[in-house]
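Going by my numbering, the first residue of the sequence shown is number 3, and it counts up by one from there. For each residue, glycine too, the CB sits at the ideal point set by N, CA and C.
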Amino acid sequence: MSGTPDSGRVTVKQSPGRSISLCIGMRFATRQDATLHIKDFALVQGKQILLNLKLTGGTANVYVCSSKTKCSFEVRVLRSKSTLASDYFVSSFRAEHNGCSGFAKATAIQIASMSNIKLKARVLTAACYPNMLAQNKLNPFSASSVSPVLLVFILICFAISPY
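So this is what it looks like as structure tokens:
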């Protein structure tokens, strides 16, 4: 991660030659566009975000990390009050995940938008397998609790992934 929120911009490297940024003043046409961008930003960090309904209301939308423990990640997006513009913009953010126990969990839209099959396999493997282990849904010593289709899918992901 390069940059700091103090500078108003943070860039996270996705892969060689590709990165995703978040900066104060960044504009989006719709709230859905803002949500997708912030979710992509968090996914590259290896985390998942959600809209905090307790802090969201009126023109403010507050996104936080989905970590079960208290995490410092927060992005505040406001709807423009200007009559000339009906867009959304990032008013403030904290990109660090201090005290975070969260993990990546890609959405179907994020997976579908990935063009590279190996990248999809890595994201699915990185997101699904540790998630299932953390929730005790997958015992590495007993495959009886896992559906055969899911087990084959996980094995295929590991076979495709270069890591």
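#1: For Arg29, which beta-bridge partners are listed by DSSP?
#2: By DSSP, does Leu57 sit in helix, in strand, or in coil?
#3: For the beta strand (DSSP E) containing Cys67, list its first residue and its last residue.
#4: Should Lys70 go down as buried or exposed, given a rule of 16 or more other Cβ atoms within 10 Å for buried?
#5: Could you give the distance in angstroms between the alpha-carbon of Gln50 and the alpha-carbon of Ile40?
#6: For Gln47 and His99, I'd like the C-alpha separation in whole angstroms.
#7: Name the DSSP beta bridge partners of Ile51, please?
#8: From Leu57 to Val66, what does the alpha carbon distance come to, in whole angstroms?
#9: Give the DSSP-derived three-state secondary structure of Val12 in the structure shown.
#10: Rounded to a whole number of angstroms, what is the C-alpha to C-alpha distance between Cys73 and Ser82?
#11: Going along the chain, which residues of its own chain have a beta-carbon closer than 7 angstroms to the beta-carbon of Gly101, five neighbours each way excluded?
#12: How far does the beta strand (DSSP E) with Glu76 in it extend, from its first residue to its last?
#13: Closest to Val64 by C-alpha separation, out of Ser84, Met28, Asp42, Thr37, would be which residue?
#14: Evaluate Leu52 with the Cβ neighbour count: other Cβ atoms within 10 Å of its Cβ, from every protein chain shown; 16 or more gives buried, anything less gives exposed.
#15: What whole-angstrom Cβ distance do Ala62 and Arg78 have, given they're in contact under 8 angstroms?
Inspection of the coordinates gives the following:
#1: Translated into the one-based positions of the sequence shown, residue 29 becomes position 27. Answer is Phe91.
#2: The residue given as residue 57 occupies position 55 in the sequence shown. The answer is coil: DSSP assigns Leu57 none of H, G, I, E or B.
#3: For the purposes of this step, residue 67 is taken as the residue at position 65 of the sequence shown. Element bounds for Cys67: 62–67.
#4: Working through the sequence shown from its first residue, we reach residue 70 at position 68. Its Cβ having fewer than 16 others within 10 Å, Lys70 is exposed.
#5: Here residue 50 corresponds to residue number 48 of the sequence shown, with the count starting at 1. Here residue 40 corresponds to residue number 38 of the sequence shown, with the count starting at 1. So the two alpha carbons sit approximately 9 angstroms from each other.
#6: Numbered from its first residue, the sequence shown carries residue 47 at position 45. Numbered from its first residue, the sequence shown carries residue 99 at position 97. If I take the Cα positions, the gap works out to 9 angstroms.
#7: What you label residue 51 is simply residue 49 of the sequence shown in a count that begins at 1. The partner list for Ile51 (beta bridge, DSSP) reads Cys67.
#8: The residue given as residue 57 occupies position 55 in the sequence shown. The residue given as residue 66 occupies position 64 in the sequence shown. Rounded to the nearest angstrom, the two C-alpha atoms are 10 angstroms apart.
#9: As a working note, residue 12 is residue 10 in the sequence shown. If DSSP states are grouped into helix, strand and coil, Val12 belongs with the strands.
#10: Counting from 1 along the sequence shown, the entry for residue 73 is found at position 71. Counting from 1 along the sequence shown, the entry for residue 82 is found at position 80. Using only the alpha carbons, I get a separation of about 27 angstroms.
#11: Taking the sequence shown and counting its residues from 1, one reaches residue 101 at position 99. Result list for Gly101: Thr71, Lys72, Cys73, Ser74, in chain order.
#12: The residue labelled residue 76 in the question sits at position 74 within the sequence shown. Unbroken beta strand (DSSP E) run through Glu76: 76–81.
#13: Residue 64 sits at position 62 when you count from the first residue of the sequence shown. When only C-alpha atoms are compared, the closest one is Thr37.
#14: Position 50 of the sequence shown, counted from the start, is the residue given in the question as residue 52. Counting Cβ neighbours within 10 Å, Leu52 comes out exposed, since fewer than 16 surround it.
#15: By 1-based counting over the sequence shown, the position of residue 62 is 60. By 1-based counting over the sequence shown, the position of residue 78 is 76. At roughly 6 angstroms, the Cβ-Cβ gap stays under 8 angstroms, so Ala62 and Arg78 are in contact.
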